[in-house]
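In our numbering, the protein residues as written are 630 to 1036.
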């Protein structure tokens, strides 16, 4: 037998070398190297054989994947994977006709070794997904490390936002017309056109950390819940601020753009404000059964729903002076996010118990629909409706999931 047809052990390491050893005796048989005398310009992070055992694939921190002929020890081809730190190659796999590599960014790239090209890229978040919004079949997400992504709800394909993105945890996002508005832990606000998805073109800031914020597309209004203050922006410019004697948490603007509802972080209370021009005027204070987290008006403006720090799910009748609607829905622990279906028929609530609870707003005494263990590996951070029967959810498990309900 030729030496490369024996039981051969191949090692690779940070010394940039790939060595071959006899698997029985331990004797060195040869080395994979190019004209520099090394296998790669950076540490070799992974390797994989083909089925016949005649060729080898290596992945390196030098941002390349190389194909080798084991008999000659020569490099057959080199694939450049990019120029950024995130393009360092940490893993590779060769299974039958298929080959793939894993980048430091977490991207998985399918490789065509015959044409020396990347045929497909699987992308996603590598940290907890903190925020999500949906529009026209697209799911817009942002994560703990500041990455923002666009998921196609039909195909599952993912693209990243480009430009000067957030550098740390994104706290909340909203869609205003054709613009994604986002705010991060450094109190930086970015307004990104969805037509280009290039971040950093327009930015603002607020004086303290934001818990939640909301926008009204028709009027260009944005309201931010900061540390004991509400900040009002109009068309991207700060026009009003209001000091508070409580720490605000969730907030929502009515569909008509004239009413702002704000929850208190530590107290079971809801505060209503009239949006009058470039100012906010408090007009009502409502006691709740539990402190609210995320708050939402229904699209038809008839209801106000809220996730809470307890097991309660809040549903208030706007037309009856925000009187609580009696229902039989609840969660098993703190809920974090809520969302009404586009036709306002259903309210979905989710949180740390990993379940999604869905109530019928027209039949509140009917049992809720429950999607148990919707994210079995972590807390659900956001729920949003893609259409009248489909819910998208994100979680600390770094996953985006879709759920179809039968009604």
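Yeah, the Cβ is synthetic: ideal placement off N, Cα and C, and Gly gets one too.
Remark: C-beta atoms of residue 878 and residue 892 approach each other more closely than 8 Å. Taking residue 1032 as reference, the option from 1007, 999, 1006 and 1008 with the minimal CA-CA separation is 999.
Within the DSSP bridge table, the entry for residue 882 names 889 as partners.
About 7 Å separates the beta carbon of residue 800 from that of residue 759, a gap short enough to meet the 8 Å contact definition.
Distance check between residue 921 and each of 980, 886, 866 and 904 places 980 closest, using alpha-carbon atoms only. The alpha carbon of residue 685 has as its nearest neighbour, out of 718, 658, 672 and 722, the alpha carbon of 722. About 6 Å separates the beta carbons of residue 898 and residue 916, which is inside the 8 Å limit, making them a contact pair. Excluding sequence positions up to five before and after residue 642, its CB lies within less than 8 Å of the CB of 672 and 673, all in the same chain and listed in chain order. A straight line joining the alpha-carbon of residue 855 with that of residue 841 spans about 8 Å.
Per DSSP, the unbroken beta strand (DSSP E) holding residue 1013 starts and ends at 1009-1016. Taken in chain order, the complete beta strand (DSSP E) segments of 3 or more residues contained in the segment 907-976 are 908-916, 921-926, 932-937, 943-946 and 964-969. With a beta-carbon spacing of about 6 Å, residue 969 and residue 925 fall inside the 8 Å limit used to define contacts. Secondary structure of residue 860 (DSSP, three-state): strand. Burial check for residue 935: the Cβ neighbour count within 10 Å reaches 16 or more, so the residue is buried.
By the neighbour-count criterion, in which 16 or more other beta carbons inside 10 Å mark a residue as buried, residue 957 falls on the exposed side. Just measuring C-alpha positions, the residue of 953, 978 and 1015 sitting nearest residue 997 is 978.
If you ignore the 5 residues before and after residue 989, its C-beta comes within less than 7 Å of the C-beta of 974, 975 and 995, all in its own chain and listed in chain order.
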